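This report concerns only the one structure given below.
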Amino acid sequence: MTMTHASTGATIGRFLTSQETVELARLQQDNSVVGYSLLGMDGEELQGSGHWTDMIAPVFANVADLANKLGEELGETEACARISFDNREYQVFSVILSACRAVIVKRKQASVTEGLRSVG
Amino acid sequence: MSAEVSVEQTDPRGRSVTAILDKIARHNSDVLGCIATDGVESYNNLPEAYELVDAEAMGEYVNNMFAVMQELEASEPDFENLVLEYEGHTIVAKRIEGGALALINNPINRGGLKKMQVGMNLFLNPLAQAMKGPEVAAIRVEGPEAVSAVRDEPAAAPKRRLFGRLRG
Chain H
506 MTMTHASTGA TIGRFLTSQE TVELARLQQD NSVVGYSLLG MDGEELQGSG HWTDMIAPVF
566 ANVADLANKL GEELGETEAC ARISFDNREY QVFSVILSAC RAVIVKRKQA SVTEGLRSVG
Chain X
23 MSAEVSVEQT DPRGRSVTAI LDKIARHNSD VLGCIATDGV ESYNNLPEAY ELVDAEAMGE
83 YVNNMFAVMQ ELEASEPDFE NLVLEYEGHT IVAKRIEGGA LALINNPINR GGLKKMQVGM
143 NLFLNPLAQA MKGPEVAAIR VEGPEAVSAV RDEPAAAPKR RLFGRLRG
C-alpha cells in the first residue's frame, strides 16, 4: 500500500506519545488492517495511510461531532472515547489518543476467509 | 373509501413499539433505556432519571451517524452496528429499516457487548414490523394508490466503491 502523509513524521510526533507511535507501527503490521487515519481534535487529517483517508477524515469528523453531542445529552463531560462501526466485511473504529483521534479500518476475519474460499 | 386506521403502531401480533422497547430493556440488566427511530417518528422508554434528555434528538444523532457512514462504504454492505463508549455510558445501536435502534447502557465490557448485540437481534423484526404498522395499514386501505407511490420511487443513484479499491 502506498503511504501518503498529510503531515510529515516530524510534525506528527507532536500529536503522539512514544507508546502511541509504537502501537500505530504495530497496527500497520497487522494484515487485517486496511488503513488508518489520524485526525486532529477539530477533525482535520494529520496523517493517513492511503488515498482513501481523505474521505474518512471528513466523515469521521462528523461522526465524532455527533457522538459528542449524543454524550452531552446524557450528561457526559468528556468526548466519546471509542466509536466502532461494523458490517459483514469491515470494522471501522476510532479511539481518542493523547492529542488526536485515530481511525482504523479493519477487514474482518470472516471476510478474509471468504476471500480465500472464493479462490480455493 | 373510508376505513378506520389505527394510529397506534403495532406489529402483526399487536405489540406496540414501546412494549417491544420495554422487552428489550428487560432482556438485559445493563440496558437503562432504548430509543428507536424510523427517521420520522421517535420512540423511547428512558427511565425518569433521563426525563430531561432530548431522546428524539439522540435518535436523530444515531440515525445521522449511520447516514454519514454511507459516504464511506458506498456499495459495500451497510454498516449495521454502532458502539459508542463514554465514561459513564455505552450506547449500542443497530440500523433498522430507515432508522435506528439505540440502547443506552451502563458501561459494558467486550463480552457483555457481544451478548447485547446478539440479544438485540431477537427484537429487530418485531420492532421493524411495529414501526411500520400504520404504513402497512395505509397501503391496505388505499390499495392501488399506495402501491403506485412505492413503485414510482426513483431508483437509487449508483454508489461509489471505497474499500474495494484497496484490494488490488
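Here the protein sequences line up with chains H and X, keeping their order. Just so you know, we're using our numbering here: the first sequence kicks off at 506 and counts up by one. Just so you know, we're using our numbering here: the second sequence kicks off at 23 and counts up by one. From the three backbone atoms N, C-alpha and C, an ideal C-beta is built for every residue, glycine too. Keep in mind the model is a prediction, meaning the values are calculated, not measured.
| Check | Outcome |
| --- | --- |
| Residue burial classification, L74 of chain X (beta-carbon count within 10 angstroms, cutoff 16) | exposed |
| L602 of chain H - partner residues in DSSP beta bridges | Answer by DSSP bridge pairing: none, since L602 of chain H is not bridged. |
| Under the three-state DSSP convention, the category V75 of chain X falls into | coil |
| Minimum Cβ-Cβ distance from R37 of chain X to chain H less than 8 angstroms | no |
| Selected residue, minimal CA-CA separation from A637 of chain H, among H:Q614, H:V608, H:K613 and H:R612 | Nothing about residue 637 of chain H can be reported from this structure: the residues present for chain H run from 506 to 625 only. |
| Candidates X:Q151, X:A124, X:D100 and X:L104: closest to G55 of chain X by CA position | X:A124 |
| Within-8 angstroms CB hit, K574 of chain H to chain X | yes |
| Cβ shell of L544 of chain H (< 7 angstroms), same chain only, five flanking positions each side left out | E550, L551, A562, F565, A566, C605, R606 and V608 |
| Touch test, the region 132-150 of chain X against the region 80-89 of chain X, Cβ-Cβ under 8 angstroms, three pairs minimum | no |
| Interface flag, S589 of chain H vs chain X, CB-CB below 8 angstroms | yes |
| Closer than 8 angstroms at the beta carbon, the chain H residues around L43 of chain X | The premise fails here: L43 of chain X is roughly 17 angstroms from chain H at the closest Cβ pair, so nothing lies under 8 angstroms. |
| Backbone CA spacing between G548 of chain H and V90 of chain X [nearest angstrom] | 14 angstroms |
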